[in-house]
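Numbering (my numbering), first residue to last: 6 to 254. Note that CB positions come from ideal geometry on N, CA and C, so glycine has one too.
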Ligand SMILES: Nc1ncnc2c1ncn2[C@@H]1O[C@H](COP(=O)(O)OP(=O)(O)OP(=O)(O)O)[C@@H](O)[C@H]1O
Ligand SMILES: CC(C)(CO)[C@@H](O)C(=O)NCCC(=O)O
Ligand SMILES: [K+]
């Protein structure tokens, strides 16, 4: 069994797969290193041979998490590293090491699945879009605040925006103009995400006509899907790229 980890800025997505056929035997989303160790440890019949990780956290945090996993489960965890080119995709950044590894692996995974021009839109803590042309050239992309950041900016910098998580969830049963603060904010932010997605698709159309595949990923992808029904939601897109970047040797 292999442990796979995607360490984002707010959450760690993890899963355990069988070495032979990549069948998924367990997984989840946690918000701390300690919760991660507890959740993995609770899997029945756990027998880890190794691990692979993508992290957009600091070098120190990433190293500390690897050490913790080594200590808890006696495994070496390979961490995906930036490269100029892999699996037919060429990193489009001026300095390839600066491109977020979650973005890079999403681009690798998408190009592998589409084998054609693709647009990857990832709605996590940050929202990001990346463009990969049909010849594998990564053209770059865009980064802006995702749903959690937009919400918390409004809550932090205004005095009268306050509401709890349960009412936030209820507010998203529709996107009609809000008749309460929670509806106005939650629906407004979702429309921002949808507008971001639509604008990226317009860009892709200008570049490639109708000849491209759209991938949606990240925890908030479902909030946007109705606005772009032609997109494929692939929640584990980063894991697809991770398996390519860190093959089991
Ligand atoms: N089961 C879940 N657990 C936690 N967050 C979830 C879940 N389902 C949806 N979400 C939403 O997903 C968002 C976080 O997405 P994601 O986990 O992709 O972010 P991240 O990887 O931490 O961020 P980034 O990739 O930008 O660094 C939050 O807005 C959260 O509300
Ligand atoms: C944009 C985030 C924070 C999204 O997780 C991550 O990809 C990152 O830290 N990237 C580095 C900056 C960049 O991609 O240009
Ligand atoms: K992420």
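Item to check | Residue nearest to residue 157 in terms of C-alpha spacing, selected from 171, 194, 124 and 172 | outcome: 194
Next on the checklist: At the level of alpha carbons, what is the spacing between residue 141 and residue 121?
Outcome noted: 8 Å
Checklist entry - Excluding sequence positions up to five away, which residues of its chain have a Cβ less than 8 Å from the Cβ of residue 249? => result 91, 92, 110, 113, 114 and 117
Next on the checklist: Considering only the alpha carbon of each residue, which of 200, 102, 225 and 134 lies closest to residue 174?
Outcome noted: 225
Item to check | Element boundaries [alpha helix (DSSP H), containing residue 4] | outcome: In the structure as shown, the chain begins at 6 and stops at 254. Residue 4 is therefore absent and cannot be evaluated.
Item to check | Other residues of its chain near residue 29: CB distance less than 6 Å, five sequence neighbours each side excluded | outcome: 20 and 22
Checklist entry - Based on the DSSP output, what are the partners of residue 83 in its beta bridges? => result 57
Checklist entry - In chain order, which continuous runs of the beta strand (DSSP E) of length 3 or greater are located wholly inside the stretch 108-187? => result 123-128, 131-137 and 143-150
Next on the checklist: Give me the pocket residues for ligand 2, defined as CB within less than 6 Å of any heavy atom, sorted by chain position.
Outcome noted: 13, 14, 61, 103, 104, 105, 107, 108, 129, 131, 133 and 148
Checklist entry - What does DSSP give as the partner residues of residue 222 in its beta bridges? => result Answer is 127.
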